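Asks:
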Amino acid sequence: MRAFYITTPIYYVNDVPHIGHAYTTCAADVLARFHRMMGEAVLFSTGTDEHGQKIAKAAQEMGLAPQELVDRVVVRFKDLWEKMHISYDVFIRTTDREHEETVQEFFMLLQKKGYIYKGEYEGWYCVPCETFWPESQLEGRLVCPDCGRPLERLKEESYFFALSRFSESLLAHLEKHPDFIMPESRFNEIYSFVKSGLKDQSISRLGVRWGIPVPGDPHHTIYVWFDALVNYLTVAGFGRDQERFELFWSEAHHLVGKDILRFHAVLWPSMLLAAGLPLPRRVFAHGWWTVNGEKMSKSKGNVVDPLEVIRKFGVDRFRYFLLREVSFGLDGDFSEKAFIERSNADLSDNFGNLIHRTLSMVWRYRNGRVSRPSGYEDREWEELLAEVRERFVSSMERFAFSQALSEVWRLVHFGNRYLDQKAPWRMAKDSNLREELDRVLYRLLDCGRILAVFILPFMPETAQRLLQFLGMENTSGKCTLIPLLDWGKGPEVFSIRQPEPLFPRLEG
RNA sequence: GGCGGUGUAGCUCAGUUGGUUAGAGCAUCCGGCUCAUACCCGGAGCGCCGGGGUUCGAAUCCCUGCACCGCCA
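Count along the first sequence from 1, then add 40; that gives the number in our numbering.
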């Protein structure tokens, strides 16, 4: 059985979930649902990153133990994923006992292989915040980006990971696997970065209490990124479930925002090479959302709350917009105007209305029942469908969601054109054309059935509703649906429900 | 500064290895339909950043100028 393992990053638990989190997770969900539909064994994980100085500090300010704080705020994410119909298999938290054990085990493995050594870390340090800041974040000024106070040059004892020893093998892997980092522009960036040579990476901190201790040297705490990245192994059952690990690990696909690509495309693969483990199949860096053309920020107060969007417009409109509006990998802009236009044009006018006019005629002219007529096949339909299906699947394999959807919409357009050309409302007036009318209606109903399957990964709720209207709600319970994307797999009789619009037009 | 990328219709973007009249959606205009959620269908206009070169032929390859973007621990 083919397997597919898809991950989102684990989100920093102290953040309030915003459209960026929703975006990554939604994309991962679509992939998970698609691969389940293909009949594959799927493992889909998301979760939260709960360690670090910031959490400890926030907890202290609120008079809570760190664990109490994270237990409280993790709910925000779980709640959002429920409302977005995210079908994750595992929700991992870095404070899970088995994760903490896996991190320590992995640390010891690298130690044993000789890739970890003790040295001295030197950098710019903010004493009140107890944080080292990399120069890239300082923009030339030697003040703390968080509190604004002056930084000090400080040295401390630290464990290092011998990242520099993996430049060569990582380059070789990149050359052999041009789709390891996607999109291509990111591949090029990473490639030239690795080519310029890698430096060893500090992987422990002193004086951070809220984190995983270095095995055998508990004054040191394992660096948050080292801790966080290992989550992908924990989920896959590394060191505790051999069967699961072998099935899924080599099929891992990581979805990340472009801001954290380097950790996933350089540090992480090197850690795995050091451990002697296979590398993931792919790391895909997607873009960011602006809002009304501006960068999202707390200070501007323009952060989009996904819960608000769902409450106002519904979950499937939101999911559709996120994945259709921009091509995955590029930046996109979120605005209510664009959202409403996209939703009305694609979902209400084209898709929803095609379904509705079809169902209305079946309801009106045939009392809601159409049996499969003879001569139901149609070459034009079949040729288009075959092409759409092929391109849909190959787009999905490249994570080209927007393209995959526009392929499906070729069927929608064809359906509307077909309807206009055949004009069943005229046939209904002539009892001699009864058989021809049935053929047309059946073809349209079957087109609806096929559309329901195509959109299932993107809009599971709508797909389900559509199947209910078509009187075949049980279909989506089957695990392998792609074979159903065939002309001729429709039921003997469509017995529909009284239609109502799937997506009422939005005013705006 | 170094490396990489982008510049195509009013707007947002597709354009595989150079090959027929350069595509899509939205917007605009004209026509049709009336089953449908003022929807749908047909048609029209409008375009390859500037300059030079290679070629029978360039959005595509090369050089150059301009503008913008990304990465550089």
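The beta-carbon is built from N, C-alpha and C at its ideal position, and this holds for glycine as well.
Values in this document were obtained by computation on a predicted structure and should not be read as measured data.
With burial defined as no fewer than 16 other Cβ atoms inside 10 Å of the residue's Cβ, what is the status of residue 228: buried or exposed?
Replies: It counts as exposed.
Asks: For the stretch 62-79 against the stretch 495-511, do three or more pairs of beta-carbon atoms, one drawn from each stretch, fall closer than 8 angstroms, so that the two count as touching?
Replies: Flag = yes, the stretch 62-79 and the stretch 495-511 touch.
Asks: So what does residue 173 bridge to, in DSSP terms?
Replies: According to DSSP, which records beta bridges pairwise, residue 173 is partnered with 164.
Asks: Tell me which same chain residues have a C-beta within less than 8 angstroms of the C-beta of residue 337, skipping the five on either side of it?
Replies: For residue 337, where only same-chain residues beyond five positions count, the Cβ hits under 8 angstroms are 343.
Asks: Taking residue 134 and residue 75 to be in contact with their CB atoms under 8 angstroms, please state how far apart those CB atoms are, rounded to whole angstroms.
Replies: Actually they are not in contact, since the Cβ atoms of residue 134 and residue 75 sit about 26 angstroms apart, beyond 8 angstroms.
Asks: Under a three-way DSSP split, which group does residue 257 fall into?
Replies: Residue state, collapsed to three classes: strand.
Asks: So, at 7 angstroms on beta carbons, what are the nonlocal neighbours of residue 144 in its own chain, with the 5 sequence-adjacent residues on each side left out?
Replies: So the list reads 252 and 255, once near-sequence residues are dropped.
Asks: For residue 190 and residue 181, what's the separation of their Cα atoms in angstroms?
Replies: The straight-line gap from Cα to Cα measures roughly 9 angstroms.
Asks: My parser needs the alpha helix (DSSP H) runs of 4 or more residues fully inside the stretch 84-145; what are they?
Replies: 93-101 and 106-123, all fully within the stretch 84-145.
Asks: Can you tell me the Cα-Cα spacing of residue 268 and residue 300, whole angstroms?
Replies: Each residue's Cα considered, the two are about 12 angstroms apart.
Asks: Hey, residue 512 and residue 531 are a contact pair by Cβ (cut 8 angstroms); roughly how many whole angstroms apart?
Replies: 6 angstroms between Cβ atoms; contact.
Asks: Closest by CA to residue 394, which one among 347, 487 and 318?
Replies: Cα-wise, what sits closest to residue 394 is 487.
Asks: In this structure, does DSSP put residue 217 in helix, strand or coil?
Replies: Residue 217: coil per DSSP, three-state reduction.
Asks: Among 77, 49, 277 and 59, which residue has its Cα nearest to the Cα of residue 42?
Replies: The candidate whose alpha carbon is nearest that of residue 42 is 77.
Asks: Does residue 102 pass the burial test, meaning 16 or more other C-beta atoms within 10 Å, or should it be called exposed?
Replies: Burial call: exposed.
Asks: What would DSSP say about residue 229, mapped onto helix, strand or coil?
Replies: The answer is helix: DSSP assigns residue 229 an H, G or I state.
Asks: By the DSSP assignment, the beta strand (DSSP E) with residue 195 in it spans what residues?
Replies: Counting along the chain, the beta strand (DSSP E) containing residue 195 begins and ends at 192-201.
Asks: Report yes if the C-beta distance between residue 202 and residue 257 is below 7 angstroms; otherwise report no.
Replies: No, Cβ-Cβ distance for residue 202 and residue 257 is not below 7 angstroms.
Asks: What's the C-alpha gap between residue 436 and residue 448?
Replies: Those two C-alpha atoms are separated by around 12 angstroms.
Asks: Between the Cα of residue 319 and those of 430, 289 and 296, spot the shortest distance and give me the residue it belongs to.
Replies: Taking only the C-alpha atoms, the option nearest residue 319 is 289.
Asks: How long is the line joining the alpha carbons of residue 86 and residue 204, rounded to whole angstroms?
Replies: Those two C-alpha atoms are separated by around 30 angstroms.
Asks: Measuring only the C-alpha atoms, how far is residue 45 from residue 467?
Replies: One C-alpha to the other measures close to 51 angstroms.
Asks: Which residues in the same chain as residue 412 place their Cβ atom closer than 8 angstroms to its Cβ, once the five residues preceding and following it in sequence are excluded?
Replies: Correct list, in chain order: 482, 530, 531, 532 and 533.
Asks: Hey, would you say the C-beta of residue 413 is under 6 angstroms away from at least one heavy atom of the ligand ATP?
Replies: Among the ligands in the structure shown, none appear at all, so the ligand ATP cannot be discussed.
Asks: Secondary structure at residue 222, three-state DSSP: helix, strand or coil?
Replies: Strand at residue 222.
Asks: Is it a yes or a no for the stretch 345-352 touching the stretch 48-65, going by three-plus beta-carbon pairs under 8 angstroms?
Replies: In short, these stretches touch, since the Cβ pair count reaches three.
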